[in-house]
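In the numbering used here, the protein residues as written are 14 to 88.
We put the beta carbon where it would ideally sit given N, CA and C, even for glycine.
Bear in mind that the values here come from a model prediction, so they are computed numbers and not experimental data.
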């Protein structure tokens, strides 16, 4: 099993499998180390999921960090 880093996210998305198909739901683990920020980040992840699973279209619905750093205030 790979070590989880601050660049790992759990992504929820909707996708269309074939042209003229209907929307379906999906989830995936994604590492975003090599992508940009903002809208470029979202589009890059959508394109990567499309290529990986051969979907016609993907729209990101939500993403959640898998690695949460424990930040305690010094006493």
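Check: For residue 45, does the three-state DSSP call read helix, strand or coil?
Finding: Start at 1 with the first residue of the chain shown, and residue 45 comes out as number 32. Correct three-state label for residue 45: coil.
Next item on the list: Would you mind sorting residue 66 into buried or exposed? The rule is 16 or more other CB atoms within 10 Å of its CB.
Entry: Numbered from its first residue, the chain shown carries residue 66 at position 53. With fewer than 16 Cβ atoms within 10 Å of its Cβ, residue 66 is classed as exposed.
Item checked: CA-to-CA distance, residue 70 to residue 34, given in whole angstroms -> As a position in the chain shown, residue 34 is number 21, starting the count at 1. As a position in the chain shown, residue 70 is number 57, starting the count at 1. So the two alpha carbons sit approximately 10 Å from each other.
Checklist line | Bounding residues of the beta strand (DSSP E) (the contiguous stretch that carries residue 32) | finding: Start at 1 with the first residue of the chain shown, and residue 32 comes out as number 19. Looking at the DSSP string, residue 32 is not in any beta strand (DSSP E), and its letter there is neither H nor E.
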